[in-house]
Amino acid sequence: MDKIIECDKITHYYGNRLIYKDLSFEVEKGKVLGLLGKNGTGKTTIINILNGYLKPRSGVCRLFGEEMEHLTPQTKARIGLLLEGHVQHTYFNVGQIERFYSGFFPKWNRDAYYELLKKLQVLPSQKLSTMSCGQRSQVALGLLFAQDPELLILDDFSMGLDPGYRRLFVEYLKEYASAENKTVFLTSHIIQDMELLIDDCMIMDYGRLLLHKPVKEIMEGFRRFRFASSADIRFGQDEGIWNCERIGNNWELYSFLPTAEVAHKLKQYGIEQFKEENLSLEDAFIGLTGKY
Ligand SMILES: Nc1ncnc2c1ncn2[C@@H]1O[C@H](COP(=O)(O)OP(=O)(O)OP(=O)(O)O)[C@@H](O)[C@H]1O
């Protein structure tokens, strides 16, 4: 299997502040990987390292087998990059920006741009600087599809997009990734979109990678157990319990363990009655990372 992204033991600090230590992961060709994490856990930092904008203190990242600091122009043309939603050249209008970008990319597909853009309520003569935040994001996404990259890296692609356009874009992306065997690495705080789109999920915690798994495994294996108790219940993570929170005498416990094992653990505290629940990816994310 081709590895499109390889990160090996990345350690990064801003000043004295550790962002992560020895972070390693790979993304195979054709996969859609979603990077999730609370604010400030280092998602944009990873994207900046992947693109060679930031040099980590140690470790190596490779895209298409080339080290991030020495990407050739040919490899760069295979990568579509969206940094927090926007295009920079806002003095262009909708038509001019398409013509400007087309010169840089050999496989430029102008129809893909106009197909997305025709859904926008703007004229080709409208300047980007006079557009709303979401409209500018739509232009940026249209330019990415026209580039026809083999690897798409999208940082917070849903920023400013309304629900209808977000759904449309998620559907385009899904089709793009599966029909053409493209690879996508993306971040978003809109986890409902991620659930529809991604194959694998990486969740960052402060200073470390919390979890990297196929979404299917999370959806099938991770559960919430609700029960009532006045006991002082304490589980360690080494016992397979990710999170156990109390609100009054009502408890929420999250685990990948089979029901019988959780039942056995609860019995030690005298709890025989509990309710087991399947989770959306958003609920699973909250169960894994806690509510702050
Ligand atoms: N240039 C910088 N200098 C110093 N600290 C920085 C710099 N850029 C980011 N940070 C800090 O590093 C941490 C990670 O930032 P980053 O932007 O990667 O987080 P994020 O996960 O993308 O956050 P969000 O979800 O809010 O977009 C934050 O605490 C941030 O304040």
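Numbering (full-length UniProt numbering), first residue to last: 1 to 292. Ideal placement from N, C-alpha and C gives every residue a C-beta, glycine not left out.
Query	Result
I'd like to check one pair, G34 with I198: are the Cβ atoms closer than 9 angstroms?	yes
Using a threshold of 9 angstroms, state whether the C-beta atoms of H189 and D200 are closer than that.	no
Decide if I271 is buried, meaning its Cβ has at least 16 other Cβ atoms within 10 Å, or exposed.	buried
Within 8 angstroms, do at least three Cβ pairs link the stretch 180–187 to the stretch 119–136?	no
From the DSSP output, read off the bridge partner residues of S58.	T11
Answer with buried or exposed for K119, where buried requires no fewer than 16 other C-beta atoms within 10 angstroms of its C-beta.	exposed
Closer than 6 angstroms from C-beta to any heavy atom of ligand 1: which residues, in chain order?	Y14, I19, G37, N39, G40, T41, G42, K43, T44 and T45
Could you give the DSSP three-state label for V139: helix, strand or coil?	helix
Pick from R17, L209 and P106: whose alpha carbon is nearest that of C7?	L209
Under 8 angstroms by Cβ, that's how I've got residue 293 and Q147 pegged, so tell me the actual separation to the nearest angstrom.	Here the chain covers residues 1 to 292 and nothing more, so residue 293 does not appear.
Output the residue ranges of the alpha helix (DSSP H) runs that lie fully inside the stretch 177–207 and measure 4 residues or longer, sorted by chain position.	191–197
Can you tell me whether D155 is buried or exposed? The criterion is at least 16 other CB atoms within 10 Å of its CB, across all chains shown.	buried
For the beta strand (DSSP E) that D155 lies in, which residues bound it at each end?	L151 to D155
Within its chain, find whatever has a CB closer than 6 angstroms to the CB of G80; leave out the 5 residues flanking it on each side and keep chain order.	L144, Q147, P149 and L152
Can you tell me the Cα-Cα spacing of L196 and G103, whole angstroms?	34 angstroms
Expressed to the nearest angstrom, what Euclidean distance is found between the alpha-carbon atoms of T90 and G30?	33 angstroms
With I4 and G59 assumed to form a contact (beta carbons below 8 angstroms), what rounded beta-carbon distance in angstroms separates them?	With a Cβ gap of about 18 angstroms, I4 and G59 do not count as contacting.
On the CB-based measure, 16 or more other CB atoms within 10 Å of its CB, does F37 come out buried or exposed?	According to the sequence shown, residue 37 is Gly rather than Phe. Buried is the call here.
Just tell me which of F235, Y206, E245 and P258 has its CA closest to the CA of G221.	P258
Measuring alpha carbon to alpha carbon, tell me which residue in Q268, Q192, F227 and Q121 is nearest R167.	Q192
Going by CA-CA distance only, name the one from E261, M204 and L279 that's closest to T44.	M204
If you draw a straight line from the C-alpha of G236 to the C-alpha of E217, how long is it?	22 angstroms
Buried or exposed, going by whether 16 or more other CB atoms sit within 10 Å of the CB of N250?	exposed
Cβ of E66 versus every heavy atom of ligand 3: is any distance shorter than 8 angstroms?	Looking at this structure, you won't find ligand 3 anywhere; what it does contain is ligand 1.
Run through DSSP, which three-state label would K38 get?	coil
For F225, collect the residues of the same chain with a Cβ closer than 6 angstroms to its Cβ; drop the 5 residues on either side in sequence, then sort them by chain order.	L253, V262, F274 and E276
Among Y269, M202 and Y206, whose alpha-carbon lies nearest the alpha-carbon of F227?	Y269
Would you identify the three-state DSSP class for V94, choosing helix, strand or coil?	helix
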